[in-house]
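Asker: Before I ask anything, let me first share the structure, which is written out below as structure tokens.
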Ligand code: FAD
Ligand code: SF4
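Numbering (the working numbering), first residue to last: 54 to 512.
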């Protein structure tokens, strides 16, 4: 039977002019009717390629069928069996590069909006409230370092099987980048807290303000626990190394976003405010740069520009984030690179940039940006945010000689995610360098499998 062409159901969004001045969520989510209509577009393929694109192998056609038939609880169970944070993944996963990229419906008209339907199901589950679960203890104990997506996934998988889990987090709030990096308008914090509560409802305990490598050592953890998982992320920002970078008004995106998201600097009654620039330049073109630029706009900037040394095609941010940033009025200054930050009385006021052209592809496969001689020019900026990537903080490895790392500072693990120390596992950005939420979750899940195998728990 021929399949009738039906376009994707668009997710309603806040108007760009209005949303550029508030921190409320940009994408408003599907209604029940829209979610069911979109799920009905799934063709229930015999060989569902979409699943091959999902790093945690969510059973996509099965949950689509359940949504199409209004069996939302069933859909939730199917997703949760492999993905413990569906509301988060539905919002921030790069689906266009994963499941949706391989969706066979694209051959008829457009891929199914898998992420949007997953988000609907995740939010449906959270709207029902979190229930404590009674789980029989298995007699084993595990320590988890960090509380980002890799750590939370590993914690959830272990706790579900009766392992006594203690999470040690350096900050006073849980969630890692989900809480201190990705802004409220893309990932509401109340929702992240609900997802975390659903992990804690499995019996895991969390200890805040505990910096592993300083207040507690890996050796102390291995003495007390049967297994340790390190999910400490990649929170150390990289800088350009150009003159003037230490002027006042120059921030790393990490610091800026942490101050706004974690410390709540966007709230009028915040005790720890952050500088509010009028003319803000953001260097970089990844998701972090888009988040920093859109946050600066919402913090009252009159003009925000993204400065990137390559062209539009090479921008690493999600297409949706680039589109949203453009809709909100962020200016893109492409093929140019800052060579100096200029200032007056210790404060930045200009960027000296050079124009670039694209040469031959480099090791990353992208065309190498080459400076054009004599093309220097200046742009005004009273605030500069550097968003050029991050690496793991060396604190943990420096405090534990036996922990092997590669030259980029990422932890070395074997196939089962075990580090160079027996019974110490690691995953997420601490192993891969800055990557994605779903890859971090996949790593946490893989490590939990090896840990459970080691405990003789094989279900
Ligand atoms: P993290 O989320 O970094 O969590 C690490 C946790 O460990 C933190 O809570 C940290 O405080 C804690 N910690 C660190 N050191 C210690 C220590 N010594 N002791 C105790 N605790 C410690 N990915 C996407 O898929 N989609 C997106 O749209 C997206 N947008 C992003 C936007 C921003 C601004 C940023 C910064 C990242 C974004 N990412 C996105 C990337 C994604 O968030 C990360 O890849 C992911 O969060 C990594 O998870 P993780 O668990 O490895 O580490
Ligand atoms: Fe449905 Fe697309 Fe997966 Fe086929 S490939 S099962 S249409 S989501």
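From the three backbone atoms N, C-alpha and C, an ideal C-beta is built for every residue, glycine too.
Which runs of the beta strand (DSSP E), 3 residues or longer, sit entirely within the region 415 to 444?
Answerer: The qualifying runs are 420 to 424, 430 to 433 and 436 to 439.
Asker: By the DSSP assignment, the alpha helix (DSSP H) with residue 102 in it spans what residues?
Answerer: Where residue 102 is concerned, the enclosing alpha helix (DSSP H) stretches over 102 to 105.
Asker: Would you mind working out which of 94, 93 and 116 sits nearest residue 104, comparing C-alpha positions?
Answerer: Cα-wise, what sits closest to residue 104 is 116.
Asker: Is it buried or exposed for residue 97, if we count other Cβ within 10 angstroms and need 16 for buried?
Answerer: Exposed, because fewer than 16 other Cβ atoms sit within 10 Å of the Cβ of residue 97.
Asker: Out of 250, 124, 214 and 157, which has the shortest C-alpha to C-alpha gap to residue 502?
Answerer: Among 250, 124, 214 and 157, the Cα nearest to that of residue 502 belongs to 214.
Asker: Using a 10 Å radius around the Cβ and a threshold of 16 neighbouring Cβ atoms, would you call residue 306 buried or exposed?
Answerer: With 16 or more other Cβ atoms within 10 Å, it is buried.
Asker: If you draw a straight line from the C-alpha of residue 374 to the C-alpha of residue 192, how long is it?
Answerer: Cα-Cα distance, rounded: 45 Å.
Asker: What three-state label does DSSP hand residue 266 in the structure shown?
Answerer: Residue 266: coil per DSSP, three-state reduction.
Asker: Please go through the region 349 to 414 and give each complete beta strand (DSSP E) segment of 3 or more residues, from N-terminal end onward.
Answerer: Complete beta strand (DSSP E) runs here, min 3: 356 to 360, 384 to 386, 389 to 397 and 400 to 414.
Asker: Can you grab the Cα-Cα spacing for the pair residue 234 / residue 241, in whole Å?
Answerer: Near 12 Å, if we compare the C-alpha coordinates of residue 241 and residue 234.
Asker: With the cut-off set at 8 Å, would you say residue 207 and residue 497 are in Cβ contact?
Answerer: Taking 8 Å as the Cβ cut-off, residue 207 and residue 497 qualify as a contacting pair.
Asker: How do the region 427 to 445 and the region 239 to 258 stand: do at least 3 beta-carbon pairs fall below 8 Å, yes or no?
Answerer: Contact fails: fewer than three Cβ-Cβ distances are below 8 Å.
Asker: What number of angstroms, rounded off, separates the C-alpha of residue 390 from the C-alpha of residue 406?
Answerer: Roughly 5 Å separates the two Cα atoms.
Asker: Just verifying my parser: in three-state terms, what is the DSSP assignment at residue 61?
Answerer: The answer is coil: DSSP assigns residue 61 none of H, G, I, E or B.
Asker: Does the beta carbon of residue 231 fall short of 7 Å from some heavy atom of the ligand FAD?
Answerer: Within the cutoff, so yes.
Asker: For the region 283 to 342, which segments carrying the alpha helix (DSSP H) assignment without a break, of at least 4 residues, lie completely within its bounds, in sequence order?
Answerer: Here the runs fully enclosed are 306 to 310.
Asker: For the alpha helix (DSSP H) that residue 196 lies in, which residues bound it at each end?
Answerer: First-last for residue 196: 194 to 198, but that is the beta strand (DSSP E), not the alpha helix (DSSP H).
Asker: According to DSSP, residue 260 sits in a beta bridge with which residue or residues?
Answerer: According to DSSP, residue 260 bridges with 221.
Asker: Taking the continuous beta strand (DSSP E) assigned at residue 477, which residues delimit it?
Answerer: Counting along the chain, the beta strand (DSSP E) containing residue 477 begins and ends at 477 to 479.
Asker: Tell me whether the region 258 to 271 and the region 224 to 231 touch, counting them as touching only if at least three CB pairs, one residue from each stretch, are closer than 8 Å.
Answerer: Result yes; three or more Cβ-Cβ pairs closer than 8 Å.
Asker: Is residue 97 near the ligand SF4, with its Cβ less than 7 Å from a heavy atom?
Answerer: Because some heavy atom of the ligand SF4 lies under 7 Å away, the Cβ of residue 97 counts as near it: yes.
Asker: Could you pull the start and end residues of the alpha helix (DSSP H) that residue 115 belongs to?
Answerer: It spans 113 to 121 - the alpha helix (DSSP H) in which residue 115 sits, taken as one unbroken run.
Asker: Taking 7 Å as the cut-off, is the C-beta of residue 220 nearer than that to any heavy atom in the ligand SF4?
Answerer: The answer is no for residue 220.
Asker: Do you know offhand how far residue 415's Cα is from residue 290's?
Answerer: Rounded to the nearest angstrom, the two C-alpha atoms are 23 Å apart.
Asker: Can you look up residue 458 in the DSSP assignment and give me helix, strand or coil?
Answerer: The answer is strand: DSSP assigns residue 458 an E or B state.
Asker: So residue 166 and residue 61 are in contact, right, with Cβ under 8 Å, and what is the actual spacing, rounded?
Answerer: Contact holds; Cβ gap of about 5 Å.
Asker: How long is the line joining the alpha carbons of residue 480 and residue 318, rounded to whole angstroms?
Answerer: If you take the alpha carbons of residue 480 and residue 318, they lie about 31 Å apart.
Asker: Compare the beta carbon distance of residue 370 and residue 357 with 8 Å and say whether it is the shorter of the two.
Answerer: It is not a contact, given that the beta carbons lie outside the stated cut-off.
Asker: How many angstroms separate the CA atom of residue 310 from the CA atom of residue 57?
Answerer: Near 45 Å, if we compare the C-alpha coordinates of residue 57 and residue 310.
Asker: Tell me the DSSP bridge mates of residue 66?
Answerer: BP columns for residue 66 point to 80.
Asker: Answer with buried or exposed for residue 156, where buried requires no fewer than 16 other C-beta atoms within 10 angstroms of its C-beta.
Answerer: Per the 10 Å Cβ criterion, buried.
Asker: Report the option in 432, 366 and 147 whose CA atom is closest to the CA atom of residue 395.
Answerer: When only C-alpha atoms are compared, the closest one is 432.
Asker: At which residues does the alpha helix (DSSP H) containing residue 108 begin and terminate?
Answerer: Premise fails: residue 108 is in no alpha helix (DSSP H) and is neither H nor E.
Asker: Please report the straight-line C-alpha distance between residue 125 and residue 177, rounded to a whole angstrom.
Answerer: Cα to Cα, residue 125 sits roughly 7 Å from residue 177.
Asker: Under the criterion of a Cβ to heavy atom distance below 7 Å, does residue 333 qualify as lining the ligand SF4?
Answerer: The answer is no for residue 333.
Asker: Taking the Cβ atom as the reference point for each residue, do residue 470 and residue 493 lie within a distance shorter than 8 Å?
Answerer: Cβ atoms of residue 470 and residue 493: not closer than 8 Å.
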